[in-house]
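Peer 1: Counting from 258, one number per residue, gives the positions in the sequence shown under our numbering.
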Amino acid sequence: MILFKNARVIDPVTQTDQILDIRTENHSIIETGTDLEAQNSNTIVDLTGKILTTGFIDLHVHLREPGEEYKEDVESGSKAASSGGFTGLCPMPNTKPVCDNDTLAEMLVIKGQRVGLVDIYPVGAITKNQEGKELAEFGMMKRVGARALSDDGKDVTNTLVMRRALDYAKAFHMPIFAHCEDKYLAGSGAMNEGYYSSKLGLSGIPREAENIMIGRNIMLAGLTNGHMHISHLSTKNGLELIRQAKKDGIKVSCEVAPHHFMLTDSCIENYDTNYKVNPPLRTQEDVKALIMGLADGTVDAIATDHAPHDTEDKDTDFSNAAFGISGLETVVALTLDGLYHQGKISMMRFAELLSSGPRSVLGLAPQSIEPGQKADFTIIDPELIKVVDKNRFYSKGKNSPFHGMSLKGWPYMTVKDGKIVMKEGVILE
Ligand code: DOR
């Protein structure tokens, strides 16, 4: 039994914002209230000044297992997630081999359970081997725990295949996570097309490459009444399309990654490949619009697109470097520092974007801070100021453009199934 004392509880499900004590037993919350007595709780944790909310879920993570375990694996990725404040994550299927079947999806779930730090909700491939041709077996993957489908890393170019995918996914109540990129228009671009790509002499990826596919995918969601979730949204126009689609009653949701609301293409001035990501960093105008969407509820979730790479893949010229940012261990601090402490979003909205928002996209039952609910908590120290140190990441991916940045507000503790598994960034073995 653990008694958490004096926490500021932020619960988006019940809209609670109150100082409370919480008693847990085994995996569950058994009591909440003020001035709870120790009784037979064997551990008492004073959370004065800390914020306690339902465990965070990251909708977009590259765990690289199987096939590229030198970049990340289930264990290192789970540790990175837990240290970053998460109790659940969705691994993307662009592994080697591709996670397009129940055997691989189940392997991820089981390995995740063995590590025991985060729930793993695999994202199965939409098409076999992510080739964009033949649909994978959605139902088989759902049966072993997959919650969504994506060919992330590339779009499903064939519009008819995407239509069929939406129709088929509907039968299993699974959202399609769409990587929106017209590959012909994006070509071999390495960064956002605009002033900076011209100045730096790098080939550009126009925003239209993303917007065209967002538009197409929204229309297909309207046609099929399927659930279309737009992954790693980076453009102002894309956001406007989503805002309108939501008004029109189309089943569309979206996520934004922290690098897309914190950074712009101007950061690439010194050709630092840590800033190379897909979709690319856009402009100040896009950042402003995304922050507006995060604040007003158009954006459903913040997701990291955690894409760990080894130094060999990044330590090369910008055009040839791999796309991706290692993001699990910085997202909470970036969101608190860049949005909450700047007065752009409230603490309630912050919790929504990382807990109830992602749960709802996945179709998971709402989880609140009330007796009978699971004791999966993310506990935040909103005032702690710390410098990002990639060398202390649990992730094998040290590819972070935020290394050396001082940020205010960090994960303090992660509680999974009633057990304190992380304290002050450190995984408790
Ligand atoms: O930057 C990215 N990296 N974007 C993607 O869509 C894929 C990812 C990866 O797998 O490295």
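Note that beta-carbon positions come from the ideal geometry of N, C-alpha and C, so glycine has one too.
No experiment lies behind these values; they were computed from the predicted model shown.
So residue 627 and residue 311 are in contact, right, with Cβ under 8 Å, and what is the actual spacing, rounded?
Peer 2: Actually they do not touch by this definition, with Cβ atoms about 10 Å apart.
Peer 1: Suppose contacts are defined by Cβ-Cβ distances below 8 Å. Is residue 347 in contact with residue 319 by that definition?
Peer 2: It is not a contact, given that the beta carbons lie outside the stated cut-off.
Peer 1: State yes or no: is the C-beta of residue 710 nearer than 7 Å to some heavy atom of the ligand DOR?
Peer 2: What the structure shows of the chain is the stretch from 258 to 686, and residue 710 is not part of that stretch, so it cannot be assessed.
Peer 1: Which residues bound the alpha helix (DSSP H) around residue 420?
Peer 2: Where residue 420 is concerned, the enclosing alpha helix (DSSP H) stretches over 416-428.
Peer 1: If you drop the 5 nearest sequence neighbours on each side, which residues of the same chain put their C-beta closer than 6 Å to that of residue 313?
Peer 2: So the list reads 342, 343, 611, 612 and 635, once near-sequence residues are dropped.
Peer 1: Give me, in chain order, the residues of the same chain whose beta-carbon lies closer than 8 Å to that of residue 576; leave out the 5 immediate sequence neighbours on both sides.
Peer 2: So the qualifying residues of the chain are 445, 447, 459 and 460.
Peer 1: When you get a sec, list the residues whose CB is within less than 7 Å of any heavy atom of the ligand DOR, chain order please.
Peer 2: Qualifying residues, in the order they occur: 319, 349, 351, 409, 410, 436, 489, 534, 535, 562, 564, 566, 579, 580, 581 and 582.
Peer 1: Closest to residue 270 by CA distance: which of 675, 642 and 609 is it?
Peer 2: Comparing Cα-Cα distances from residue 270 to each of 675, 642 and 609, the minimum goes to 609.
Peer 1: Give the DSSP-derived three-state secondary structure of residue 263 in the structure shown.
Peer 2: Residue 263 falls in the strand class under three-state DSSP.
Peer 1: What are the uninterrupted segments assigned as beta strand (DSSP E) that are 3 or more residues long and contained completely in the region 622-647, given in chain order?
Peer 2: The qualifying runs are 634-644.
Peer 1: From the DSSP secondary-structure annotation, give me the bridge partner or partners of residue 315.
Peer 2: According to DSSP, which records beta bridges pairwise, residue 315 is partnered with 346.
Peer 1: Between the region 321-341 and the region 273-281, do three or more beta carbon pairs fall short of 8 Å?
Peer 2: Cβ pair count under 8 Å is below three, so no.
Peer 1: Please determine if the region 492-510 and the region 550-558 are in contact, where contact requires at least 3 C-beta pairs separated by less than 8 Å.
Peer 2: The region 492-510 is in contact with the region 550-558.
Peer 1: Can you tell me whether DSSP reads residue 449 as helix, strand or coil?
Peer 2: DSSP places residue 449 in strand when its eight states are reduced to three.
Peer 1: If we call anything under 8 Å between Cβ atoms a contact, is residue 511 one with residue 480?
Peer 2: Their beta carbons are not under 8 Å apart, which means residue 511 does not touch residue 480 by this criterion.
Peer 1: What is the residue span of the beta strand (DSSP E) that residue 246 lies within?
Peer 2: For the chain, the structure presents residues 258 to 686; residue 246 sits outside this window and is missing.
Peer 1: What residues in its chain sit with their C-beta under 7 Å from that of residue 602, if we drop five residues either side in the sequence?
Peer 2: Excluding residues within five positions, the ones whose Cβ falls inside 7 Å are 551, 552 and 596.
Peer 1: Where does residue 354 land, buried or exposed, given buried means 16+ other C-beta within 10 angstroms?
Peer 2: That one is exposed.
Peer 1: Which residue from 396, 622, 435 and 390 puts its Cα closest to that of residue 409?
Peer 2: Out of 396, 622, 435 and 390, 435 has the C-alpha closest to the C-alpha of residue 409.
Peer 1: In the DSSP assignment, what residue or residues form a beta bridge with residue 680?
Peer 2: DSSP, once it has assigned bridges, lists 670 and 683 as partnering residue 680.
Peer 1: What residue range does the beta strand (DSSP E) around residue 509 cover?
Peer 2: Per DSSP, residue 509 belongs to the beta strand (DSSP E) from 509-513.
Peer 1: How far does the alpha helix (DSSP H) with residue 302 in it extend, from its first residue to its last?
Peer 2: It is not in any alpha helix (DSSP H) - residue 302 instead sits in the beta strand (DSSP E) that spans 300-303.
Peer 1: Among 638, 637, 639 and 655, whose alpha-carbon lies nearest the alpha-carbon of residue 645?
Peer 2: Selected option, being the one with the closest Cα: 655.
Peer 1: Residues bridged to residue 502 by DSSP?
Peer 2: In DSSP, residue 502 forms no bridge with anything.
Peer 1: Leaving out the 5 sequence neighbours to the left and right, which residues in its chain are closer than 8 Å to residue 298 when beta-carbon positions are compared?
Peer 2: The answer, listed in chain order, is 258, 259, 260 and 280.
Peer 1: Put residue 542 into one of helix, strand or coil per three-state DSSP.
Peer 2: In the structure shown, residue 542 sits in a helix (DSSP, three-state: H, G or I).
Peer 1: Count the other CB atoms, across all protein chains shown, that sit within 10 Å of the CB of residue 449; report buried if there are 16 or more and exposed otherwise.
Peer 2: Under this definition residue 449 is a buried residue.
Peer 1: Counting Cβ pairs, one atom from each stretch, are 3 or more of them under 8 Å apart for the region 362-382 and the region 421-429?
Peer 2: Taking 8 Å as the limit for Cβ pairs, the verdict is that the region 421-429 does not touch the region 362-382.
Peer 1: Which term fits residue 441, buried or exposed, when burial requires 16 or more other beta carbons within 10 angstroms of its beta carbon?
Peer 2: It counts as exposed.
Peer 1: Exposed or buried, residue 562, counting other C-beta atoms within 10 Å across all chains shown (16 or more means buried)?
Peer 2: When all chains shown are included, residue 562 counts as buried.
Peer 1: For the candidate residues 643, 674 and 672, whose alpha-carbon lies nearest to that of residue 664?
Peer 2: Here the closest residue by C-alpha is 643.
Peer 1: Rounded to whole angstroms, what is the Cα-Cα separation between residue 202 and residue 370?
Peer 2: Residue 202 cannot be examined here, being either before or after the span of the chain that is shown, 258 to 686.
Peer 1: Measure the alpha-carbon distance for residue 411 versus residue 488 and round it to whole angstroms.
Peer 2: Going from the Cα of residue 411 to the Cα of residue 488 covers about 11 Å.
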